[in-house]
Every structure is written in C-alpha cells, then in structure tokens.
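Chemist:
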Amino acid sequence: MRFEYAPAPESRDVVDIKPSYGLFVNGEFTEGGGTPFKSVNPADETVLAEIACADEADVDRAVQAARKAFETWSALPGSERAKYLFRIARIVQERARELAVLESLDNGKPIRESRDVDLPLVAAHFFYYAGWADKLKHAGFGPDPRPLGVAGQIIPWNFPLLMLAWKIAPALACGNTVVLKPAETTPLTALAFAEICVQAGLPAGVVNIVTGAGATGAAVAGHADVNKVAFTGSTEVGRLIARSVAGTGKKLTLELGGKAANIVFEDAAIDQAVEGIVTGIFFNQGHVCCAGSRLLVQESIQEELLGALKRRLATLRLGDPLDKNTDIGAINSAEQLARIRTLADAGEQEGADRWSPSCPLPDKGFWFPPTLFTGVAQSHRIAREEIFGPVLSVLTFRTPAEAVEKANNTPYGLSAGVWTEKGSRILWLADKLRAGVVWANTFNRFDPASPFGGYKESGYGREGGRHGLEAYLDV
Ligand code: NAI
Ligand code: MG
Numbered sequence: 219m220r221f222e223y224a225p226a227p228e229s230r231d232v233v234d235i236k237p238s239y240g241l242f243v244n245g246e247f248t249e250g251g252g253t254p255f256k257s258v259n260p261a262d263e264t265v266l267a268e269i270a271c272a273d274e275a276d277v278d279r280a281v282q283a284a285r286k287a288f289e290t291w292s293a294l295p296g297s298e299r300a301k302y303l304f305r306i307a308r309i310v311q312e313r314a315r316e317l318a319v320l321e322s323l324d325n326g327k328p329i330r331e332s333r334d335v336d337l338p339l340v341a342a343h344f345f346y347y348a349g350w351a352d353k354l355k356h357a358g359f360g361p362d363p364r365p366l367g368v369a370g371q372i373i374p375w376n377f378p379l380l381m382l383a384w385k386i387a388p389a390l391a392c393g394n395t396v397v398l399k400p401a402e403t404t405p406l407t408a409l410a411f412a413e414i415c416v417q418a419g420l421p422a423g424v425v426n427i428v429t430g431a432g433a434t435g436a437a438v439a440g441h442a443d444v445n446k447v448a449f450t451g452s453t454e455v456g457r458l459i460a461r462s463v464a465g466t467g468k469k470l471t472l473e474l475g476g477k478a479a480n481i482v483f484e485d486a487a488i489d490q491a492v493e494g495i496v497t498g499i500f501f502n503q504g505h506v507c508c509a510g511s512r513l514l515v516q517e518s519i520q521e522e523l524l525g526a527l528k529r530r531l532a533t534l535r536l537g538d539p540l541d542k543n544t545d546i547g548a549i550n551s552a553e554q555l556a557r558i559r560t561l562a563d564a565g566e567q568e569g570a571d572r573w574s575p576s577c578p579l580p581d582k583g584f585w586f587p588p589t590l591f592t593g594v595a596q597s598h599r600i601a602r603e604e605i606f607g608p609v610l611s612v613l614t615f616r617t618p619a620e621a622v623e624k625a626n627n628t629p630y631g632l633s634a635g636v637w638t639e640k641g642s643r644i645l646w647l648a649d650k651l652r653a654g655v656v657w658a659n660t661f662n663r664f665d666p667a668s669p670f671g672g673y674k675e676s677g678y679g680r681e682g683g684r685h686g687l688e689a690y691l692d693v
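This note's numbering puts the sequence shown at residues 219 to 693.
1) Who are the Cβ neighbours of S715 in its own chain at under 6 Å, not counting the five residues just before and after it?
2) How would you write the range of the beta strand (DSSP E) that K446 sits in, first residue to last?
3) According to the neighbour-count rule (16 or more other Cβ atoms, all chains shown, within 10 Å of its Cβ), is H356 buried or exposed?
4) What span of residues does the alpha helix (DSSP H) with A272 cover, start to end?
5) Are L470 and V463 close, meaning C-beta to C-beta below 7 Å?
6) CB-CB under 6 Å to G510, same chain, minus the five flanking residues each way: which ones, in chain order?
7) Spatial neighbours of N627 within its chain, please: CB distance less than 8 Å, with the 5 preceding and 5 following residues excluded, ordered by chain position.
8) Use the C-beta contact count for A436: other C-beta atoms within 10 angstroms, 16 or more gives buried, fewer gives exposed.
9) Helix, strand or coil for G748, going by three-state DSSP, please let me know.
10) List the DSSP bridge partners of R599.
11) Whose C-alpha, out of Q417, E316, L241, is nearest the C-alpha of S332?
12) Within the continuous beta strand (DSSP E) that includes A491, where are the two ends?
13) Which residue's Cα is closest to the Cα of E553: G607, S518, V506, G537?
14) Any chance the CB of R602 is under 6 Å from a heavy atom of the ligand NAI?
15) What separation, rounded to the nearest whole angstrom, lies between the Cα atoms of L409 and I306?
16) DSSP state of R572, grouped into three classes?
17) Using a threshold of 7 Å, state whether the C-beta atoms of Q503 and I549 are closer than that.
18) How is the alpha helix (DSSP H) around F344 delimited, first residue to last?
19) If you count every other CB in all the chains shown that lies within 10 Å of the CB of S722, and 16 or more means buried, which is it?
20) Based on DSSP bridge pairs, tell me the residues matched to A658.
21) Is it true that the stretch 343-358 meets the stretch 651-658, where meeting means three or more beta-carbon pairs spaced less than 8 Å apart?
22) Let's see if you can read the secondary structure: which residues bound the alpha helix (DSSP H) around Q520?
23) Taking the DSSP output, what are the residues bridged to V515?
24) Over the uninterrupted beta strand (DSSP E) stretch that includes A369, give me the two end residues.
25) Apart from the five residues on each side of it in sequence, which residues of its chain come closer than 6 Å, Cβ to Cβ, to A672?
26) In three-state terms, what does DSSP make of S332?
27) Between A526 and V492, what straight-line distance do the alpha-carbon atoms span, to the nearest angstrom?
28) Between the Cα of T253 and the Cα atoms of G476, K542, G393, D276, which residue gives the shortest distance?
29) On a CA-only basis, which of P374, G393, I373 is nearest R299? Give me that one, please.
30) So, does the stretch 522-540 touch the stretch 615-622, judging by three or more C-beta pairs under 8 Å?
31) How long is the line joining the alpha carbons of G349 and S322, rounded to whole angstroms?
32) Within the stretch 418-465, note down every full beta strand (DSSP E) run reaching 3 residues or more, in order along the chain.
33) Less than 6 Å between C-beta atoms, sequence neighbours within five positions excluded: which residues of the same chain meet that for R616?
34) For the alpha helix (DSSP H) containing L691, name the first residue and the last one.
35) G465 to N445, Cα distance in whole Å?
36) Just the C-alpha distance for G569 and G494, rounded to the nearest angstrom, thanks.
And the structure:
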C-alpha cells in the first residue's frame, strides 16, 4: 500500500540567489563578452538568475590567469596545497545545506539526493585529494611527478557540483590550475564554488569559472595554452573534442555515456535486487552516465521480479524536488525531456511494451514518469542508445554466457551490475564484462578512493582514486 505523506519542503531561504552572475576570472567576478543567458528551475520553469557568457577573449583571459597562477601554485609544497583543499572541503560541509538546495533548484534533482549523496561526495572528494597532495612521490608515478599546467575542464548538468569536484580536486592536488566550464543549464553551484574559493583564500587564478554553452566549451578545449582537457558529457561532443585536441600534445580524458546492464540471476535476493534496479535507473531521474538502463533478468524469475518491481515503482513519489519525500524530481531541461520522449516513443514503435505506474505529473516544469519497457529486443533503439532518463529496458537471458554476451553487446562500457548469491559467479562476470565498474549486489555506489571510467565509446582515462592522479600528472 502507499501511505499519503504530508509535504515536507526544505526551505529555499537558506540560499541567496543573486539576480545575475559574472564569470570568475583571476579571483574576481567579471562581465562576459557573450550574450548573457538564464538558468531556470526545471521544476517550475521560473528564471533563477541571469548568467554571463564567456566569449573567446574571456576564455583567453581565464587561461592567462591560470597560466600565471600556475607558476606559484605548482611551486608550493604539496602540504601547503593540501591546506587549501582541506579548507575547501570543510567550507563545502559547512555550506552543505545551502549548496544542496541550490543544486536541487537549478538541476531539478530531489533534495534527498543532493543532500545525502551529491554534497557528502563533493566534500569527500576534496578531503581525499587533499590527502594525496603531499604524497604524490608515493603514488607510483616516479619519484617527483610534475603537474601538467593549465587544465581546461568541461562538465555536464547531471551532477553539477560533484563533477566539478571530480575535476578540480585532483587537478589542484597535483599542482595544476584550472579553467572550468559548467553546463549552461546548471551553472549556479559552480558560481557558489567560486565564492568558496575566495572564502578559502585560494590564490587568484588557481580556479577560474567560465560560464556559457557549447561555444564557450569549444573555446576552452581549443585554447592553445591549455595543457590538459577533461570532459564529461555526450559521446558526440566527446568526439568533437578528441578531434580538436588530436596532435596538439594536450593530455585528454573523456567520460562519456553508457548503456549499463544490470544482471539479475535466479538465485539473487529479489527484494534487494529490486531496490538496486530502482537505484540503478531512477536515481537522479536516470540522468546518470553509469545508470543501469538495461535490466537483464534470468528468464526463470522474470515474472516474479517484474511483479515486485512494478509494485515498488508504484510507491515512488514524483514531484517537488525540494520536498524531502520526493524520489523522482524534474527532468533537467526541455531539450532533455524531448530526447527522452523521442526514444521512449521509438520503443513503442519498434514493438516493446511500455508500462508506467499511475503517476500524475505537475502542470509546470519538465517531467517524465518512471517507465518500464518489456519485450525489448537487442536491436531496439531503447536497448542500444543512451536515454538519460527514467526509462528501463528489460531483456531476458537463460545462461550466464548469454548474460555476458548481451551485456557486452553495446558500443559503451562504463558500468554493470550483477545480482547473485554466488561469489564465484560475481568474479567470473567481473572478469568477462567490458565495463569500467562492476557492482555486485549493489548499484551506483561511489567512493572517492575508487577509480571510475569507461571502455569503448564510454571514453578513456580514470577519475577518482590513485588512478585519477595520473590524468593530472606529466607521466
Ligand atoms: P553535451 O555533451 O552537449 O554537454 C556537456 C557539456 O559540454 C556542457 O557543458 C556543454 O556546454 C558542453 N559542450 C557542448 N558542446 C561543446 C563543444 N562543441 N565543445 C566543448 N564543449 C561543449 O550534452 P547534452 O547535449 O547536454 O546531452 C546530450 C546527451 O548526452 C544526453 O542525453 C546524454 O545521453 C549524454 N550526456 C552524458 C553525460 C555523462 O555524464 N556521460 C552528461 C550529459 C549528457
Ligand atoms: Mg537550471
């Protein structure tokens, strides 16, 4: 049964959103040469703030500031750089409630997630890499590993502040300086982070934030004086960036999309697997590169599992992201909603069966109900293309070998999940699955000590852990 909950909204008053924001270059907020744009709250389509747009000249100023700051920043002892990173981590913790509300307003994700997942992981990431800053000699990259220089970093809108942390923390720990471009639909927490850099007394130019859309991103990646490019986003843009960087000597890491298999064997604990499937695809409205978007279920338990899953989906609460009871928030933008609709419609047209629980959608804002497709064939678009929304495609298998074959039958290779009681089977599968992360009897679990990254069209390079240092060192 479904209990009716009274609304439990988190207060908006903990954040103070300014009517407009500038770029953060050389420790100061400045105007941009491009046409300003607006960031909206996807839950009700209200404008949150007007944001400056960086043109090529602004990006050049930011890169020059980062170049100048690199001289002193890279010469600091690691233990000194660590102090700044620890300070940033502590300020993030102190301001966590405010940042969580700001993230939910700008992105549409439930406050429960921004408060309990995103923000704790952001702080943890800075703490973790602060710990590495004075131990780089012992990281396995030679006796005196050197930083690369200026890092140009471009991040997406699905985990705005967390992706910023993944990019900035290791870069600074290794002695690099950065020019970071947040996504155009979610720039607000990056701009709050700029304030945190000031609050932490970080030397001017070590972190620069340039806001704007694709053209600004292209200017960052294409700037001749950038030594390293780090990108997270679509495979399409990843390809463009790889092409622009090829032959320049810039170091590149790409973290692109995914179409992960979440594989449930007949001996799995069903209720636990159901929770893992829900976390796998409905967490963050499915706007997750490593989402478990393909459920591979062993044929013998298909009926039982799908019955339990449908009952569980009927209890999910969709609505106001700031309500602490909300499980599914808003889709980040009208464009993303259109993309999800197109692919879900293609699923129906190609002959799969579509199911959603009864789920009234709010009148304003961008929303999509939790959706399940059964009768999916491997050739269907919904089994091959990244939907990046709350849409699960269900396929079946009979033998472990068939499960491996189907799981690997994708151009991507970012993550996978395995649900079984047998430890030996988990190890066998972890070895066979062509995915950067394989979760066993859990899904979407993150820790800053654990490396993350893909195979094939999911990109290259690793973020997180000791491995994540390599991307920012001259090795
Ligand atoms: P996108 O790849 O266009 O956006 C990601 C970032 O790249 C943004 O900051 C954007 O401004 C920037 N960008 C866009 N064009 C650029 C260019 N030519 N040069 C440099 N930077 C550029 O992704 P979009 O359009 O928002 O989403 C499209 C699809 O991509 C989604 O439906 C999803 O499938 C996938 N995606 C995957 C993500 C992941 O975490 N792997 C994150 C976001 C999207
Ligand atoms: Mg927004």
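Built from N, CA and C at the ideal position, the CB exists for glycine as well.
Modeler: In short:
1) Lying outside 219 to 693, the shown extent of the chain, residue 715 is not represented and no answer is given.
2) 446-450
3) exposed
4) Segment: none, A272 is in no alpha helix (DSSP H) and carries neither H nor E.
5) yes
6) A478, N480, G498, I499, G635, F661
7) Q596
8) buried
9) Because the chain here runs from 219 to 693, residue 748 falls outside it and cannot be looked at.
10) DSSP, once it has assigned bridges, lists no residue as partnering R599.
11) E316
12) Premise fails: A491 lies in the alpha helix (DSSP H), 488-500, not in any beta strand (DSSP E).
13) G607
14) Every heavy atom of the ligand NAI is 6 Å or more from the Cβ of R602, so no.
15) 14 Å
16) Strand, per DSSP.
17) Contact flag set, yes.
18) 337-350
19) Nothing about residue 722 can be reported from this structure: the residues present for the chain run from 219 to 693 only.
20) V636
21) no
22) 520-531
23) V482, T614
24) 368-372
25) What sits at residue 672 in the sequence shown is Gly, not Ala. Answer for G672: G631, L632, G654, listed in chain order.
26) helix
27) 7 Å
28) D276
29) G393
30) no
31) 29 Å
32) The stretch 418-465 contains these whole beta strand (DSSP E) runs: 425-427, 446-450.
33) Its chain contains E517 as the residues whose beta carbon lies nearer than 6 Å to that of R616, once the 5 sequence neighbours on both sides are disregarded; these appear in chain order.
34) That residue, L691, is in no alpha helix (DSSP H); it is neither H nor E in DSSP.
35) If you take the alpha carbons of G465 and N445, they lie about 12 Å apart.
36) For G569 and G494, the distance between alpha carbons rounds to 27 Å.
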